[in-house]
Amino acid sequence: MKLLQLLILKIILLSMDVNIFMLYIDATSRAHFQRALPKLANFIKNFMVYEPDFSKKKLDAYQFMKYHSFSSRTPDNILPMFYGNSKNSNKGTNHIRYFKQNGFITGHEVDMCNKEQYDIFIDPNDKREYEEWDHENIAYLCDGNYFEIDTPYPSDRGAFSIKERCLYGHQVSYYMINYAKQFWEKYANNKKYFRMAFNYGHEKTGAVISYLDEPLYDFFFEFYEKGYFNNTAIIIVSDHGNQNNGIYNYISRSQFELEQKMGTFILLLSRNKYSDIYKDNLTNNQQILVTPYDVHDTMIHIMYGNNNTTN
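For the sequence shown, our numbering begins at 4 and goes up steadily by one.
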C-alpha cells in the first residue's frame, strides 16, 4: 500500500490550513545526510517516534529508510516527484498549480542561476503543464562573481564548486535562509508552500554539503522555537543519493551503488489530535519501499486534507 494511502485512509490527517515547507538537497543519500549534517540530523532525531515523551512533542519525525530513487539522474526522479508522471510520459501537471488553486502562497529558491531542468522543456512534444511560483529567489545568483555564462559550472566556484560557496562575504545559504524567513513572516496568516533547494551534494568531494549543517540547524531550531512549524508539514528530500563515486573507488563500489539509489526522505508532522492514530502506519512505513511518486502523492493529499485526487 502506498505511503499516501496509509496517510489518509484512516483519518483526515491535516486541515486545509496546513503549511508545507520542503528542504530539497540534490544528490544526497540518507547515509550521507547523517554523516555530513550531524547537527540537523540530531535535531530531527529528537522528534523521532521512538524517542521518550512522545506525547509531549510538538513534531513527529519519520525517516523512510527504503526511499529508493529510479536512477542517479535528476529528471528520472524529480519529474515523478513534482508532476506525478515519469520522465518518458511527457505529460503531467506541476504540483504547484494544485497548491495555488487551493489558496496557498508558493515560494521557491535554488542555489543556482537557472530554472531547474524539470521546470520548462524546449521539446515541443513535451506536454507537461508548468506552473510559475508566486515568489522565486534566484536572480542574484546570476551575479558574475558567482556565475559566468561562458563557464557556468567550474569546479572552483558557483553551484557545483568543491569549495565553500560564497558571495559578497556570506555563504549562499545565508541569503537563502534570510529569504525563507522573510517569506514565512510576510505570509504568517496565509496557507503557504515554500521550497528551499540546494545543489551542495553535486560535487566530487562529498564535503561541501557540511557547510549547510550549522545554518540549517539554526534555521530549523529558530522556526521551531518561534512556533512557525505548528500546523506545518516539513519534507526533507533528495532526488537520489551520491552521484560522484569519489572516495568509494577506494572503499566499496557496492556501497557507492547502494548510496546512489537510496536518497533522503524525512517527514515531520506537527502534532494534532489524530497523531496517535496515524503514528503506527507511518512508523511501519519507515521500513517499506517508497519512491518519488510517494513524495508527490503525499504532498498532494496533505494539501487537500482528504482522499482527493488531481486526476
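Where a beta carbon is used, it is the ideal one built from N, C-alpha and C, also for glycine.
- Excluding its 5 nearest sequence neighbours in each direction, tryptophan 136 has C-beta neighbours in its own chain below 7 Å: Ile99, Thr109, Gly110, His111, listed in chain order.
- For leucine 271, the uninterrupted beta strand (DSSP E) segment begins and ends at 268-273.
- Phenylalanine 24 is bridged by DSSP to Phe197, Ile237.
- Beta-bridge annotation (DSSP): methionine 51 is paired with Ala64.
- Using a 10 angstroms sphere on the CB of glutamate 262, the tally of other CB atoms reaches 16 or more, which defines it as buried.
- Here leucine 285 has Tyr65 as same chain residues with Cβ atoms under 6 Å from its own Cβ, once five neighbours each way along the sequence are excluded.
- Boundaries of the alpha helix (DSSP H) around valine 298: 295-307.
- Going by beta carbons, tyrosine 70 and valine 293 fall inside the 8 Å limit.
- Following the DSSP letters along the chain, one finds valine 175 inside the alpha helix (DSSP H) bounded by residues 175-189.
- Your pair tyrosine 231 and leucine 215 does not check out as a contact, with CB atoms roughly 19 Å apart and the cut at 8 Å.
- Boundaries of the alpha helix (DSSP H) around isoleucine 81: 77-86.
- Under the three-state reduction of DSSP output, histidine 35 falls in the helix class.
- When C-alpha distances from aspartate 283 are compared across Glu151, Tyr307, Asp63, the shortest belongs to Asp63.
- Within the model, the alpha-carbon separation for aspartate 242 versus isoleucine 81 is close to 6 Å.
- In the structure shown, tyrosine 70 falls within a strand segment according to DSSP collapsed to helix, strand and coil.
- C-alpha of asparagine 49 to C-alpha of glycine 95: approximately 37 Å in a straight line.
- Within the model, the alpha-carbon separation for glutamine 104 versus lysine 118 is close to 22 Å.
- In the DSSP assignment, histidine 138 forms a beta bridge with Gly110.
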